[in-house]
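Residue numbers (numbering that gives the first Met the number 0): 0 to 113.
For every residue, glycine included, the Cβ atom is placed at its ideal position computed from N, Cα and C.
Computed from a prediction, not measured in an experiment: that's the story for all the values here.
Working notes, structure below.
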Amino acid sequence: MAFATFIFIILSGIFFKYTEIDFKNNAVDTQAVITGYTEYGIAILSYTVGEKEYKVSSRKQIPDSQIGDKIQIKYHKRNPTFIEVGENPLYKDSVSLIIIGILGLFSLALFLIK
0 MAFATFIFII LSGIFFKYTE IDFKNNAVDT QAVITGYTEY GIAILSYTVG
50 EKEYKVSSRK QIPDSQIGDK IQIKYHKRNP TFIEVGENPL YKDSVSLIII
100 GILGLFSLAL FLIK
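Below, the structure is given as structure tokens:
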């Protein structure tokens, strides 16, 4: 069970790192307008790409914001509904996940060898 857990941690780290690299290579800056909030206080953003208007929820709260505020976002050029407002903490932690998973596997291997 521990082996599967460490493999899952490593694969999660690799997935988040791949997602980060893909997003950074395909990100387009634009301006969005806060049009409302979900029941959990997450901003609903409206922005236009080409001729099409998109309305999506931010994946995190935007402090000190109000309806009508304009904010800078980045969207994925092949999937305009995939946006980032600021930094995604999962991207920063992706390398940590990989390292923790590898260290866990080595620790498990040393434990099993004894």
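Exposure label - S93; buried when at least 16 CB within 10 Å:
Numbered from its first residue, the sequence shown carries residue 93 at position 94. Buried, since its Cβ has 16 or more Cβ neighbours within 10 Å.
What residues in its chain sit with their C-beta under 7 Å from that of V55, if we drop five residues either side in the sequence?
If you number the sequence shown from 1, residue 55 lands on position 56. Excluding residues up to 5 positions away in sequence, L44, T80 and I82 lie with their Cβ nearer than 7 Å to the Cβ of V55 in the same chain.
Residues sharing a beta bridge with N78, DSSP:
Start at 1 with the first residue of the sequence shown, and residue 78 comes out as number 79. Residue pairing of N78 in beta bridges, as defined by DSSP: H75.
Under a three-way DSSP split, which group does K16 fall into?
Here residue 16 refers to the residue found at position 17 of the sequence shown. Reduced to three states, the DSSP call for K16 is helix.
Between which two residues does the beta strand (DSSP E) containing G35 stretch?
Within the sequence shown, the letter at position 36 stands for residue 35. Here the beta strand (DSSP E) through G35 covers A26 to Y36.
Do you know offhand how far T4's Cα is from I98's?
By 1-based counting over the sequence shown, the position of residue 4 is 5. By 1-based counting over the sequence shown, the position of residue 98 is 99. The straight-line gap from Cα to Cα measures roughly 13 Å.
Please specify which runs of the alpha helix (DSSP H), each continuous and at least 4 residues long, are wholly inside the segment 36-61, giving them in chain order.
none
Which partner residues does K69 have in the DSSP bridge list?
Translated into positions along the sequence shown, residue 69 becomes position 70. According to DSSP, which records beta bridges pairwise, K69 is partnered with V32.
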